[in-house]
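Numbering (my numbering), first residue to last: 803 to 918. Glycine included, every Cβ here is placed at the ideal spot set by N, Cα and C.
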Amino acid sequence: MAAKMVIGFAIVWMLVALATTSTEASVSCTTVTSDLSACYSYLTNGGTPSSSCCSNIQSLYGSATTKEDAQGICTCLKQLYSTYGSYINLTYAEDVATKCGVNVPYKISPSTDCSR
């Protein structure tokens, strides 16, 4: 169950992280995983993301203030997805940011290039 939570959070953050740009990494993979734990139910079952899930996504999106932050989060998410991807629904992960009011101009994907 913890593995499912980790991958779910990772995918959500890939979506959120790639929307930011700037210069100096400060968001750890541990932070990403911890902050997105509230989204686990949505990422596995769908429905409506909880208010705490959305609040955490918005907060994490705001904390990724540099390009390096976004790249680090993206890389973390991809690593987590490669390990735990079978536990979550990728469609839910792709949609959660939009459902939480976070505008991301691209689709989340395990094949996203984190270096951009």
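The alpha helix (DSSP H) enclosing residue i, as first and last residue numbers
i	result
Gly874	Lys869 to Tyr886
Thr893	Leu892 to Lys901
Asn847	Tyr842 to Asn847
Asp837	Cys831 to Asp837
Helix, strand or coil at residue i according to DSSP, with G and I counted as helix
i	result
Ala866	coil
Ile859	helix
Ser852	coil
Exposure label - residue i; buried when at least 16 CB within 10 Å
i	result
Gly849	exposed
Asp897	buried
Ala899	buried
Thr885	exposed
Thr835	buried
Close beta carbons around residue i, own chain, < 7 Å, minus the five adjacent residues each side
i	result
Asp837	Asn858, Ser861 and Leu862
Thr893	none
Cys916	Gln873, Cys876, Thr877 and Lys880
Ala840	Ser852, Ser854, Cys855 and Asn858
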